[in-house]
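J.:
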Amino acid sequence: MAITKFILISGAVFAGLGVALGAFGAHALENMVTPNRLETFETGVRYQMYHAFALLILGALVLQPSFSKAPYVTLIAWLFIIGILIFSGSLYLLVLTDTAWLGAITPIGGVAFIAGWGMLILSIMKASG
Numbered sequence: 628m629a630i631t632k633f634i635l636i637s638g639a640v641f642a643g644l645g646v647a648l649g650a651f652g653a654h655a656l657e658n659m660v661t662p663n664r665l666e667t668f669e670t671g672v673r674y675q676m677y678h679a680f681a682l683l684i685l686g687a688l689v690l691q692p693s694f695s696k697a698p699y700v701t702l703i704a705w706l707f708i709i710g711i712l713i714f715s716g717s718l719y720l721l722v723l724t725d726t727a728w729l730g731a732i733t734p735i736g737g738v739a740f741i742a743g744w745g746m747l748i749l750s751i752m753k754a755s756g
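The letter at position 105 of the sequence shown is residue 732 when you use our numbering, and the numbering goes up by one with no holes.
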């Protein structure tokens, strides 16, 4: 049950931060960065929110008896978390520091997202019920 709580709290924290970062981007960054950079920041927020919701759904799935012993749940959660930190985090830093090379590490986070979704598919296929 500890992993379920961790997954749900992580999802809620990342969703709350996503709302705060979205508001920051819309209000504080609007006149500070180019429209292209603002769009980049918004992409980071959007993918953070998608995967915050994915963490919440994963946590809810683990509470279901047919999914409670599904494999890879911890790995899926970590892949989504790593994806948020690397994909969205690199985009935030790229915009805030105007450090273009950070865009080169963004795809690593994207790969973590894709791997997490693949592992979720496998877990669903292996779940009882």
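Note that the Cβ used here is the ideal one computed from N, Cα and C, for glycine as well.
Note that the structure is predicted; figures quoted are calculated from it, not measured.
Count the CB pairs spanning the region 653-663 and the region 683-693 that are closer than 8 Å, and state whether there are at least three.
T.: The answer is no - the region 683-693 does not touch the region 653-663, with fewer than three Cβ pairs under 8 Å.
J.: When burial is assigned at 16 or more other CB atoms within 10 Å of the CB, is Met-746 buried or exposed?
T.: Reading the sequence shown from its first residue, position 119 is the one you call residue 746. The residue is buried, with at least 16 neighbouring Cβ atoms inside 10 Å.
J.: Helix, strand or coil for Ile-732 per DSSP?
T.: The count along the sequence shown starts at 1 and reaches residue 732 at position 105. Correct three-state label for Ile-732: coil.
J.: Using the Cα positions of Lys-753 and Val-689, report the straight-line distance between them to the nearest angstrom.
T.: Along the sequence shown, one-based indexing puts residue 753 at 126. Along the sequence shown, one-based indexing puts residue 689 at 62. Each residue's Cα considered, the two are about 13 Å apart.
J.: Using the Cα positions of Arg-761 and Gly-649, report the straight-line distance between them to the nearest angstrom.
T.: Examination of residue 761 is not possible in this model, given that the chain is present from 628 through 756 alone.
J.: Can you grab the Cα-Cα spacing for the pair Ala-731 / Val-722, in whole Å?
T.: Residue numbering aside, residue 731 sits at position 104 when the sequence shown is read from its first letter. Residue numbering aside, residue 722 sits at position 95 when the sequence shown is read from its first letter. Roughly 13 Å between the two C-alpha positions.
J.: For Leu-718 and Gly-671, which I take to be in contact (beta-carbon distance under 8 Å), what is that distance rounded to the nearest angstrom?
T.: To locate residue 718, count along the sequence shown from 1; it is residue 91. To locate residue 671, count along the sequence shown from 1; it is residue 44. Confirmed, about 3 Å.
J.: Can you list, in chain order, the residues of its chain whose CB lies under 6 Å from that of Ala-679, leaving out five sequence neighbours each side?
T.: Taking the sequence shown and counting its residues from 1, one reaches residue 679 at position 52. Gly-638, Phe-641, Ala-642, Gly-645, listed in sequence order.
J.: In whole angstroms, what separates the C-alpha of Val-675 from that of Ile-711?
T.: The residue labelled residue 675 in the question sits at position 48 within the sequence shown. The residue labelled residue 711 in the question sits at position 84 within the sequence shown. Residue 675 is actually Gln in this sequence, not Val. Roughly 5 Å between the two C-alpha positions.
J.: With Gln-675 as the anchor, note down where its alpha helix (DSSP H) starts and where it stops.
T.: The count along the sequence shown starts at 1 and reaches residue 675 at position 48. 662-689 is the span of the alpha helix (DSSP H), which, as asked, contains Gln-675.
J.: Is the separation between the beta-carbon of Leu-685 and that of Ile-703 shorter than 7 Å?
T.: What you label residue 685 is simply residue 58 of the sequence shown in a count that begins at 1. What you label residue 703 is simply residue 76 of the sequence shown in a count that begins at 1. Cβ distance < 7 Å, so Leu-685 and Ile-703 count as in contact.
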